[in-house]
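Visitor: Residue numbers (the numbering used here): 19 to 703.
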Amino acid sequence: MILRAAILLAGAALVAEPLVTGFERFHAATPTAEGGRLLYNELGCVNCHGGVTGLPAPRGPALATVTQRVRSEWLRRFVADPAAVHPGAVMPQVLARSDARTLDAVEHYLASLGPKAEPKGPAKIMHVNGGRGGELFNTMGCVACHAPGQDFVPPEGAPKAAEFTHRSVGLGDLKAKHSLDSLGAFILDPLKVRTDGRMPKVAMERQDAIDIAGYLLAFRGSDGRLDEPVVPVVADKTLALAGRQAVLAARCAACHDLPEDVAAKPVALGRIDGGCLDADHVRGPRYALAEPQRAALKLFLARKGEAAAPKLAAELTLHALNCVACHERDGQGGPDAARKPYFQGDHNLGDTGRYPPPLTGVGGKLRPEWLAKVMAGGNRVRPYLKTRMPQYGASTAELAKLLGVADARAVLKFAGGDDTAGRKLLGTQGGAGCITCHRWGDRPSLGIQGPDISNIASRLQEGWLKEYLINPAGYRPGTLMPSFWPGGKSFNPSILGGDTDKQIAAIYKFAESANGEPEGFPRNRHGEFEIVPKDRPVVQRAFLDGVGVRAILVGFPTGVHLAYDGDQGGPGLAWKGRFFDAYLTWFSRFPTFEKPLGERVVAWPKPVGRFLGYRLDADGNPTFLNEQGGVKVEETFEGVAGGLRRIVTWTPVPGFTPAIHHPPELAPTEGPAAAGRRVFTYLWK
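Have a look at this one:
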C-alpha cells in the first residue's frame with residue numbers, strides 16, 4: 019500500500035526567512051523590543067554575542083553522531099545553505115562560500131567526533147503501519163507545530179488555506195535526510211539530539227514512532243527491513259583536520275556542543291546595525307531576515323542591557339517553546355481555526371474535552387511543586403485528551419518559578435475544614451454531586467469522565483480553587499462545570515449553615531485527608547440504577563433528550579419531576595411517575611442522550627436567558643439563577659400534590675418583564691402576583 023503523506027502547503031514554511039513561530043504569531047505585526055528579545059534568543063544571537071535574555075538558551079543539535087543519523091548528501095547540502103534545504107530553518111548560512119572539498123572536510127570532522135561507525139545491516143523493524151502513524155501524527159499534537167497531512171481528514175472536515183494564521187514548522191525533505199530507523203529514533207526521543215527542547219519529546223512507544231516515521235516517509239509496504247539505511251561516514255583523518263579548521267573559523271561551537279579545541283569566543287557588539295542584520299554582508303552568519311524581524315532586533319539591541327521582568331520572561335519562554343500552540347494564555351494563543359479540528363478527545367466534555375487547558379494565571383492556580391512536575395512531563399490529569407503534553411527537558415527548569423512569580427496571588431489558607439461535611443458536599447446524597455462528572459482516584463465518575471478531583475489539595479492553590487468554584491465559566495468559558503456557589507452564595511444552606519467559605523474549605527479538607535471517597539459511589543456496578551426520590555428532592559445532572567448536555571434533573575417525592583436547561587436557563591421538561599435510571603449516565607463510557615422514565619412528558623419552549631447556577635433550600639428545593647436582558651431572575655420549583663409549583667422572582671426594573679413561558683399542554687393556575695414575583699402551579703390530572 020502506498021501512503022500519501024503529502025503535507026499541506028498552506029501554512030507550511032516555504033520562505034527563506036527563519037521561522038520563530040512565537041514571533042510570527044504575536045510580535046511580527048508590530049515589531050517591539052520584546053519581540054526582538056525573543057528573536058535575539060531563538061536565532062542564537064545570544065550564543066555569539068552574549069547577554070541575558072531571561073529565556074532558556076537555544077542550542078543546536080548534538081553533532082557527535084550526526085553522520086550516523088542523517089544521510090551524507092543531505093548533510094552537505096544543509097550545511098552549505100540551511101534555509102534552501104529546510105525552509106524556515108533558524109540556522110544561518112555560515113559556510114556560504116565553501117567549496118565541495120570544504121563541505122566534505124566538515125562532514126569528516128563531524129564523523130570523527132562520534133564512536134567508530136559500523137556498517138549497518140537491515141533495520142531491526144519487522145512491521146510498519148503508516149496508516150496508523152498518520153492518525154497518530156494528526157491527532158496526538160504534532161500538527162500544533164507542523165502542517166497536517168492532506169490524507170487525514172478530521173471529523174469536522176479538512177481546513178481551508180485561509181484558516182492558517184501562521185506558517186507551520188516545515189519538515190523538509192525527510193526522505194533525503196532520514197531512514198525509517200533513524201527518523202523513528204528521533205521521533206521517539208528528540209531530546210537526545212535536540213537538548214534545548216525546541217523539538218520536545220512526546221511520550222510514546224517505539225512502534226508509535228516507527229509508524230509515524232513510516233507515514234512521514236511515505237514508506238511503501240509494511241516490512242521495515244526493506245528500508246534503505248543511513249550509510250555512516252567513516253572519518254578520513256586528513257579531511258577531518260581540514261574540517262576542524264573550517265568549523266573553528268565558522269564558530270559552530272557557539273551554538274553546538276563541540277570539543278573545547280574549537281570553542282568560539284563571544285563577539286562583543288559595538289553597534290546595533292550592520293553585520294548579521296544587513297540583508298547581504300560578507301563576513302559572519304547570514305540570515306535571510308524579514309523586515310519586521312530586523313526592526314524588532316534593532317529595537318531590542320538598543321535596550322539589550324535591560325533585564326526581563328518575570329512576567330515578560332515567562333511570556334517569551336512560552337512563545338519560544340511554542341507552548342501557546344496548544345494553550346491559550348491571557349487571550350493569546352491556542353490552536354488556530356485550521357488546527358482546531360485535529361484536537362480530539364472526549365466529545366461528551368465539549369471543548370474542555372478536546373483542547374488543553376488555558377495557561378492564564380496558571381502560576382497562581384497550581385501549586386509550585388505540582389506545576390514543576392507538569393513541566394517535567396508528569397502529573398497528567400486529563401487522559402481523555404488525545405493531544406499529549408510533551409517534555410522540554412532542561413528548557414523548562416525555571417518556567418514554573420517564573421509563572422509562579424508572574425501569576426502570584428494573595429495567599430489564602432483555609433482555616434480548619436470539616437472533612438465529614440466535605441465528603442457529603444462532593445457526593446450525590448445531598449451534596450453537589452461532583453462525582454457525577456469527576457473521577458475520584460481510581461474510581462470512575464458516575465457520568466462523563468472529567469478530571470480527577472481527589473488530588474485538588476496537592477494540585478490547586480486554595481485561593482484559585484475558591485474563585486473557580488464560585489465562577490467556573492469566568493475561568494473557562496464554555497465549560498460544562500456549573501457554579502454551586504453562584505455569586506458566592508451556597509446552593510445548599512443545610513450543610514455548614516450554607517457558609518460558602520466553610521463549605522469550600524470542607525471539600526479541600528476531605529481531599530487532603532485522603533480519608534475514603536465521597537458519598538454516592540454505588541456498591542453494585544451492574545444492573546439498573548433507578549433513582550427514586552423519597553424524603554426530599556434529588557438533583558442529578560445528565561445528557562437529556564430535548565434539553566441538552568447541561569440538563570439538571572430534579573426528582574420530587576410528590577411524583578412530578580423537572581429537567582432544567584443549565585445552558586440557556588429555563589425549564590425544559592417535566593413528567594409524572596418514575597424519575598430517572600442513572601445507569602448509563604453513571605457507567606457508560608460514552609453517555610448518550612437519555613429520556614425520563616415517567617409518562618406524560620411536557621416540554622417548555624426553548625429558554626432565552628443565560629444560566630448562572632442554582633442553590634437548594636433547607637428542604638432540598640432548587641432555585642435556579644438566570645439572567646435576561648441584564649436582569650437577574652430566580653426560579654424556585656417545589657413539588658406539590660400532582661404537580662409542580664414555580665415561583666419566579668426578580669428585582670423590579672422599569673420597562674422589564676421576564677419572559678415566562680409554559681408548556682402548551684398545561685395551563686397553569688397563577689397565584690397572587692406582586693412586584694417582581696409571579697407564582698404558577700402546574701397540575702397533571
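In this text, a Cβ means the ideal position worked out from N, Cα and C, and glycines have one as well.
Given the structure is predicted, the values throughout are model-derived calculations rather than measurements.
I'd like to know whether the C-beta atoms of lysine 219 and leucine 234 end up nearer to each other than 7 Å.
Guide: With a cutoff of 7 Å on beta-carbon distance, lysine 219 and leucine 234 are scored as not near each other.
Visitor: In or out: arginine 77 buried (at least 16 other Cβ within 10 Å) or exposed?
Guide: buried
Visitor: Using a threshold of 7 Å, state whether the C-beta atoms of threonine 378 and arginine 357 are closer than that.
Guide: no
Visitor: Just the C-alpha distance for phenylalanine 361 and threonine 83, rounded to the nearest angstrom, thanks.
Guide: 35 Å
Visitor: Restricting to Cα atoms, I'd like to know which of Pro173, Gln263 and Leu602 is closest to threonine 120.
Guide: Selected option, being the one with the closest Cα: Gln263.
Visitor: According to DSSP, is arginine 543 part of a helix, a strand, or is it coil?
Guide: Because arginine 543 carries a pLDDT of 46, less than 50, the predicted location of this residue cannot be relied on, and no value is offered for it.
Visitor: Could you tell me which residues DSSP pairs with threonine 654 in its beta bridges?
Guide: Thr641 and Ile665
Visitor: Taking the beta carbon of leucine 259 as the centre, do at least 16 other beta carbons fall within 10 Å, making it buried, or is it exposed?
Guide: exposed
Visitor: Which stretch, first to last residue, makes up the alpha helix (DSSP H) that contains glycine 148?
Guide: 148-157
Visitor: Looking at the structure shown, is glutamine 467 part of a helix, part of a strand, or coil, going by DSSP?
Guide: coil
Visitor: According to DSSP, what are the bridge partners of alanine 592?
Guide: Answer by DSSP bridge pairing, in chain order: Leu580 and Val620.
Visitor: Check glycine 313 in the structure and name its three-state DSSP category.
Guide: Residue 313 is actually alanine in this sequence, not glycine. Alanine 313 falls in the helix class under three-state DSSP.
Visitor: Counting along the chain, where does the alpha helix (DSSP H) carrying glutamine 521 start and finish?
Guide: Where glutamine 521 is concerned, the enclosing alpha helix (DSSP H) stretches over 518-531.
Visitor: Which residues in the same chain have their Cβ closer than 6 Å to the Cβ of histidine 184, if we skip the five residues on either side of it in sequence?
Guide: Glu42 and Arg43
Visitor: State the CB to CB distance for the pair alanine 129 and valine 251, rounded to an integer number of angstroms; the pair is presumed to be in contact (CB under 8 Å).
Guide: 4 Å
Visitor: For threonine 414, is the classification buried or exposed, using 16 other Cβ atoms within 10 angstroms of its Cβ as the cut-off for buried?
Guide: buried
Visitor: Please work out which residues of its chain come closer than 7 Å, Cβ to Cβ, to valine 565, disregarding the five sequence neighbours upstream and downstream, and give them in chain order.
Guide: Ala581, Asp583, Gly590 and Leu591
Visitor: Look at arginine 568 and aspartate 585 and say whether their C-beta atoms are less than 7 Å apart.
Guide: yes
Visitor: I need the straight-line Cα distance from aspartate 436 to leucine 478, nearest angstrom please.
Guide: 19 Å
Visitor: Determine whether the beta carbon atoms of proline 490 and serine 501 lie at a separation below 7 Å.
Guide: yes
Visitor: Whose C-beta lies closer than 6 Å to the C-beta of alanine 439 among residues of the same chain, with five residues either side of it excluded?
Guide: For alanine 439, where only same-chain residues beyond five positions count, the Cβ hits under 6 Å are Ile513, Leu514 and Ala524.
Visitor: For the putative contact between glycine 661 and tyrosine 700, defined by C-beta atoms under 8 Å, what is the C-beta separation to the nearest angstrom?
Guide: Correct: roughly 5 Å between the Cβ atoms.
Visitor: Which whole-angstrom value is the C-beta distance of alanine 46 and proline 310, which I expect to be below 8 Å?
Guide: 5 Å
Visitor: Mapping DSSP to helix, strand and coil, what is leucine 21?
Guide: Legend: pLDDT at leucine 21 = 36, less than 50; position of this residue unreliable, no value from coordinates given.
Visitor: When you compare the CB positions of threonine 497 and glycine 506, do they come within less than 7 Å of one another, or not?
Guide: A distance of 7 Å or more separates the beta carbons of threonine 497 and glycine 506.
Visitor: From which residue to which residue does the beta strand (DSSP E) around leucine 701 run?
Guide: Counting along the chain, the beta strand (DSSP E) containing leucine 701 begins and ends at 695-701.
Visitor: Rounded to the nearest angstrom, what separates aspartate 291 and isoleucine 205 at their Cα positions?
Guide: One C-alpha to the other measures close to 39 Å.
Visitor: Which term fits threonine 85, buried or exposed, when burial requires 16 or more other beta carbons within 10 angstroms of its beta carbon?
Guide: Buried: at least 16 other Cβ atoms inside 10 Å.
Visitor: Among Ala390, Pro401, Leu403 and Arg398, whose alpha-carbon lies nearest the alpha-carbon of leucine 421?
Guide: Ala390
Visitor: Can you tell me which of Ala267, Glu653 and Ile466 puts its alpha carbon nearest to the alpha carbon of alanine 114?
Guide: Among Ala267, Glu653 and Ile466, the Cα nearest to that of alanine 114 is on Ala267.
Visitor: What's the call for proline 690, buried or exposed, on a 16-neighbour Cβ count within 10 Å?
Guide: exposed
Visitor: Which residues in the same chain as arginine 427 place their Cβ atom closer than 6 Å to its Cβ, once the five residues preceding and following it in sequence are excluded?
Guide: Gly382 and Gly481
Visitor: Just how far apart, CA to CA, sit glutamate 612 and alanine 621?
Guide: 15 Å
Visitor: If I measure Cβ to Cβ from proline 303 and keep anything under 6 Å in the same chain, skipping five residues before and after, which residues do I get?
Guide: Pro110, Val112 and Cys294
Visitor: With DSSP run on the structure shown, which of helix, strand or coil describes aspartate 437?
Guide: helix
Visitor: Hey, is the stretch 453-462 in contact with the stretch 323-337, meaning 3+ C-beta pairs nearer than 8 Å?
Guide: Taking 8 Å as the limit for Cβ pairs, the verdict is that the stretch 323-337 does not touch the stretch 453-462.
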